[in-house]
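Input: a single structure, listed below in structure tokens.
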Amino acid sequence: MSDPKDPQLPQPPIDPQSAAPAQPPTVPPATVSPPSVPLTRREARELEQSGQLPVTASVPPAAEPPAAVPPAAEARAIVTPAPEPTVLLPASGTALFFPSPPPEQPTQLLATAAAPEASAAAAPPGSRGGIFALIAKHPNAWLFSALGVVFALLATGSVLTGMAVGSGSADASAPGAAAGPSATPTPTPTRDVPAAIAAATRLRTCSVVAPATDPNLLTFQASVINATTGEVLFDRGGATPSRTASVLKTLTAAAALNVLGPDYRISTKVYAGATPGTVVLVGGGDPTLSALPQGQESVYRGAAKLSDLAAQAQAKSAVPITDIVLDSSFWDPNDNWDPSWERSEQSEGYQPEVTALTVDGGRADPRKQDSPRSSEPIADAGTAFAADLGVSGAEHITTGTVPAGATLLGEVTSRPVSELVAYMLPVSDNTLGEYLARQTSKVAGNDGSSASLAQVIPAALTKYGLTTTGVVIRDGSGLSNDNAVPAAFVAQLMAKVSAGQQNLNIIYDALPIAGKTGTLASRFTGANAVARGAVNAKTGWIKTEYALAGVVHATDGTTLAFAFYALGAINNRTIPALDTITTAVFKCGNNLSNN
128 MSDPKDPQLP QPPIDPQSAA PAQPPTVPPA TVSPPSVPLT RREARELEQS
178 GQLPVTASVP PAAEPPAAVP PAAEARAIVT PAPEPTVLLP ASGTALFFPS
228 PPPEQPTQLL ATAAAPEASA AAAPPGSRGG IFALIAKHPN AWLFSALGVV
278 FALLATGSVL TGMAVGSGSA DASAPGAAAG PSATPTPTPT RDVPAAIAAA
328 TRLRTCSVVA PATDPNLLTF QASVINATTG EVLFDRGGAT PSRTASVLKT
378 LTAAAALNVL GPDYRISTKV YAGATPGTVV LVGGGDPTLS ALPQGQESVY
428 RGAAKLSDLA AQAQAKSAVP ITDIVLDSSF WDPNDNWDPS WERSEQSEGY
478 QPEVTALTVD GGRADPRKQD SPRSSEPIAD AGTAFAADLG VSGAEHITTG
528 TVPAGATLLG EVTSRPVSEL VAYMLPVSDN TLGEYLARQT SKVAGNDGSS
578 ASLAQVIPAA LTKYGLTTTG VVIRDGSGLS NDNAVPAAFV AQLMAKVSAG
628 QQNLNIIYDA LPIAGKTGTL ASRFTGANAV ARGAVNAKTG WIKTEYALAG
678 VVHATDGTTL AFAFYALGAI NNRTIPALDT ITTAVFKCGN NLSNN
């Protein structure tokens, strides 16, 4: 701090009359203190309180001593009205108020102005006067004041920019205005809104996770739907096309009912041959045609008798019958066994060779469902017919085709398709499955071949309003591993079956009933016995699968359609596992959860 008696700055004499310092004759401008900045009332008050009030009058030129200022005039020059509080409006729109200091007393300001040297002498040595002292004393007030100014400037700039833009837009439309690219407004992104608000979905809480994850179900594929609403309640790989085993017979039955109709009957006929005494036995693809004597029934009760046909031929023939021609050309007689089938199925009595002319489904014992099947079904039919006609000697039996325009000597027909379906499904008869499929192909305008089934069966099923995407048909019985049908498709078909429309009630009525009929008569035991009588379903079994599909009448009154596949190395615990998951679905009803 500097001392007021510093020898570098000589003290001027004091004029007793004016109490103002006398100016030295000559003072070089470089040695004179720079003129002080006029202080506001607030600055003057703060400096006065701190004892650091600087000289407020500017240093006049050396040649002219300052004129005496009357006290009243001097007071008028210093005392000014107190400014209003400062209000700053930042960009945010919030006002910042900075109150101005209260007005100084005139007498104090007059005294200060009258004695600048005294005020300067009272200041502490080395102090910095003016605005620096104010900042040092009230840093926060100055900081907030500065921030307020910045906000005010920003807000002002925004307003001016808007005015400039508006002015520019207006000027652009005026004549002679320079052409420039007009700003393309950015469209407001639209938000997709559904056409209709989805209805509330019921929260289902009945879980079947435990029985569905039983390892005895192997690779488990499943679909369960509400048969009335079509809502999927449970799904485990239901969209995956897989082998079906004998569940496929329900598809064959539905196709036959659509193409053939429930009243369709399969004919076997006999015609006069090209030479007298010759007759032609024409097979029409009826596997139920029986060679048993009158009064005896095969597994196909009420089947047509070969002996009746022989009697009709004898009655109409003008000469004794001595020769027989066997016509099995309704479809290719060599197309009688699918390569994907195991030959053991034939010897074990589950599957015959599929020829248009046969008797008793090729069984060695027509009274048994599962009886070894013939490897010469056409010849066996000829031998049985010859016996009924009294023709002896194998040389009198040949194969061929009926001559054009031949005379019909006799005809017998099978039971109607509705009855064939009613027999096929409860006992899972492979023979009827294959023969009904071939018959469907022929009547649909195809050649009756096994290859034609891949198109014929799905095409017939679409007539029920079903989508057959992913459906692959290799045979009519489900014996082939090459069949591939999604469980979800089977469940959808079963929903149609439960409704009973378009003759599908015939399938429903033929389905085995849990614990009571058909292949389900001995199933659903123990804890699963609660579902007895409430499940109508088709069973399926091949060496790599057990399957079950049909309709469940649940405890809550809901009708459910389902299809279950257990794929893999099946064991004696797989069937009970299928019964258990079905019983669990029966208990859950419409509260069945997919979790």
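Just add 127 to the spot in the sequence shown (first one is 1) and you have the working numbering.
From the three backbone atoms N, C-alpha and C, an ideal C-beta is built for every residue, glycine too.
Keep in mind the model is a prediction, meaning the values are calculated, not measured.
Whose CA, out of I702, F713, C715, lies closest to the CA of D341? The residue labelled residue 341 in the question sits at position 214 within the sequence shown. Among I702, F713, C715, the Cα nearest to that of D341 is on I702.
Taking all protein chains shown into account, do 16 or more other C-beta atoms lie within 10 angstroms of the C-beta of I324, making it buried, or fewer, making it exposed? By one-based count along the sequence shown, residue 324 stands at place 197. With fewer than 16 other Cβ atoms within 10 Å, it is exposed.
If you reduce the DSSP assignment to three classes, tell me which class L375 lands in. Here residue 375 is taken as the residue at index 248 of the sequence shown, counted from 1. Look at L375 here: in three-state DSSP terms it is helix.
Do I505 and L536 count as a contact pair if the criterion is CB distance below 8 Å? Stepping through the sequence shown from its first residue, residue 536 is reached at position 409. Stepping through the sequence shown from its first residue, residue 505 is reached at position 378. With a cutoff of 8 Å on beta-carbon distance, L536 and I505 are scored as not near each other.
Figure out for me which residue from T707, Y692, Y591, A339 has the closest Cα to the Cα of Q348. The sequence position of residue 348 within the sequence shown is 221, counting from 1. Looking at the Cα atoms, Y692 is the closest of the given residues.
By the three-class DSSP mapping on this structure, what secondary structure does E716 have? Counting from 1 along the sequence shown, the entry for residue 716 is found at position 589. Note that residue 716 corresponds to Gly in the displayed sequence, not to Glu. Residue state, collapsed to three classes: helix.
So, does the region 399-417 touch the region 594-607, judging by three or more C-beta pairs under 8 Å? Taking a contact to require three or more Cβ pairs closer than 8 Å, the region 399-417 and the region 594-607 do not qualify as touching.
Pull up the DSSP beta-bridge partners for R363, would you. By one-based count along the sequence shown, residue 363 stands at place 236. Note: R363 sits in a beta bridge opposite A349.
Need the endpoints of the alpha helix (DSSP H) that L419 sits in, please. Position 292 of the sequence shown, counted from the first residue, corresponds to residue 419. Run containing L419: none; DSSP gives neither H nor E here.
With distances taken from CA atoms, which of N385, L580, T685, S555 is nearest F713? Residue 713 sits at position 586 when you count from the first residue of the sequence shown. Looking at the Cα atoms, T685 is the closest of the given residues.
Just tell me which of Q441, G422, D574 has its CA closest to the CA of F457. Along the sequence shown, read from residue 1 onward, the residue named residue 457 stands at position 330. Just measuring C-alpha positions, the residue of Q441, G422, D574 sitting nearest F457 is D574.
Kindly identify the DSSP beta-bridge partner or partners of L694. Start at 1 with the first residue of the sequence shown, and residue 694 comes out as number 567. Paired residue(s): T346, E672.
Near A430, which residues of its chain fall below 6 Å by C-beta distance, leaving aside the five closest residues on each side in sequence? Your numbering for residue 430 matches position 303 in the sequence shown. Correct list, in chain order: T415, S417.
Are V577 and D465 touching if we call contact CB-CB under 8 Å? Sequence index remark: in the sequence shown, residue 577 carries index 450 (1-based). Sequence index remark: in the sequence shown, residue 465 carries index 338 (1-based). Per the sequence shown, residue 577 should be read as Ser rather than Val. Yes. Within cutoff.
Which residue spans inside the region 546-573 form an unbroken alpha helix (DSSP H) run of at least 4? The alpha helix (DSSP H) runs lying completely inside the region 546-573 and spanning 4 residues or more are 557-570, given in chain order.
Taking the alpha carbon of K432 as the point to measure from, which residue in V679, D515, T332 has its own alpha carbon closest? The residue you call residue 432 lines up with position 305 of the sequence shown. D515 is the residue among V679, D515, T332 whose C-alpha sits nearest the C-alpha of K432.
Compute the distance between the beta-carbons of A614 and G365, then report whether it is under 8 Å. Locating residue 614 in the sequence shown gives position 487, where the first residue counts as 1. Locating residue 365 in the sequence shown gives position 238, where the first residue counts as 1. Yes, the pair counts as a contact, with Cβ atoms nearer than the cut-off.
Where does T540 fall in DSSP's three states? In the sequence shown, residue 540 corresponds to position 413, counting from 1. DSSP places T540 in strand when its eight states are reduced to three.
Over the uninterrupted alpha helix (DSSP H) stretch that includes A399, give me the two end residues. Position 272 of the sequence shown, counted from the first residue, corresponds to residue 399. Note, A399: premise wrong, no alpha helix (DSSP H); beta strand (DSSP E) at 394-399.
What separation, rounded to the nearest whole angstrom, lies between the Cα atoms of E469 and S501? Taking the first residue of the sequence shown as position 1, residue 469 is located at position 342. Taking the first residue of the sequence shown as position 1, residue 501 is located at position 374. Taking the straight line from one Cα to the other gives about 15 Å.
Does the separation of the CB atoms of I584 and L378 fall below 8 Å? Here the question's residue 584 lines up with position 457 in the sequence shown. Here the question's residue 378 lines up with position 251 in the sequence shown. Yes, Cβ-Cβ distance for I584 and L378 is below 8 Å.
Leaving aside the five residues before and after V406 along the sequence, list all residues of the same chain whose C-beta is less than 8 Å from its C-beta, in chain order. Residue mapping note: residue 406 aligns to position 279 of the sequence shown, counting from 1. So the list reads V397, Y398, A399, G400, A440, S444, I448, D450, I451, V452, L516, L536, once near-sequence residues are dropped.
Every unbroken alpha helix (DSSP H) inside the region 441-481 [4 residues or more]: If you keep only unbroken alpha helix (DSSP H) runs of at least 4 residues inside the region 441-481, you get 471-474.
Between V544, I524, D556, which lies nearest to Q496 when the distance is taken from Cα to Cα? Taking the sequence shown and counting its residues from 1, the one referred to as residue 496 is at position 369. Selected option, being the one with the closest Cα: D556.
Distance between beta carbons of R331 and N718, contact taken as under 8 Å: Reading the sequence shown from its first residue, position 591 is the one you call residue 718. Reading the sequence shown from its first residue, position 204 is the one you call residue 331. Here N718 really is in contact with R331; their C-beta atoms are around 5 Å apart, less than 8 Å.
Where do the N-terminal and C-terminal ends of the alpha helix (DSSP H) with V624 fall, by residue? Translated into the one-based positions of the sequence shown, residue 624 becomes position 497. V624 -> alpha helix (DSSP H) spans 614-626.
Determine which residues share a DSSP beta bridge with P368 and list them. Residue mapping note: residue 368 aligns to position 241 of the sequence shown, counting from 1. Note: P368 sits in a beta bridge opposite P613.
Whole angstroms is fine: what's the gap from Y427's alpha carbon to G476's? Numbered from its first residue, the sequence shown carries residue 427 at position 300. Numbered from its first residue, the sequence shown carries residue 476 at position 349. One C-alpha to the other measures close to 15 Å.
Check whether the Cβ atoms of G677 and L631 sit closer than 8 Å, and answer yes or no. Locating residue 677 in the sequence shown gives position 550, where the first residue counts as 1. Locating residue 631 in the sequence shown gives position 504, where the first residue counts as 1. Not in contact: G677 and L631 (Cβ atoms no closer than 8 Å).
Under 7 Å Cβ to Cβ from S720, same chain only, skipping five residues before and after it: list those, please. The residue given as residue 720 occupies position 593 in the sequence shown. Taken in chain order, the residues that qualify are R331, T332, C333, S334.
Mind checking N463: buried by the 16 CB within 10 Å criterion, or exposed? The count along the sequence shown starts at 1 and reaches residue 463 at position 336. The residue is buried, with at least 16 neighbouring Cβ atoms inside 10 Å.
Looking only at its own chain, which residues have a Cβ that is under 6 Å from the Cβ of V745, when we skip the five neighbours before and after it? Outside the shown range of the chain (128 to 722) lies residue 745, about which nothing can therefore be said.
G357 - DSSP class collapsed to helix/strand/coil: If you number the sequence shown from 1, residue 357 lands on position 230. Judged by DSSP in its simplified three-state form, G357 adopts coil rather than helix or strand.
In chain order, which alpha helix (DSSP H) runs of at least 4 residues are fully inside the region 489-542? Those alpha helix (DSSP H) runs which fall completely within the region 489-542 and span 4+ residues are 504-516.
I need the DSSP call for I324, collapsed to helix, strand or coil. One-based indexing of the sequence shown puts residue 324 at position 197. I324: coil per DSSP, three-state reduction.
Among the candidates G645, T317, G592, whose CA atom is the shortest distance from the CA of Q629? Translated into positions along the sequence shown, residue 629 becomes position 502. Among G645, T317, G592, the Cα nearest to that of Q629 is on G592.
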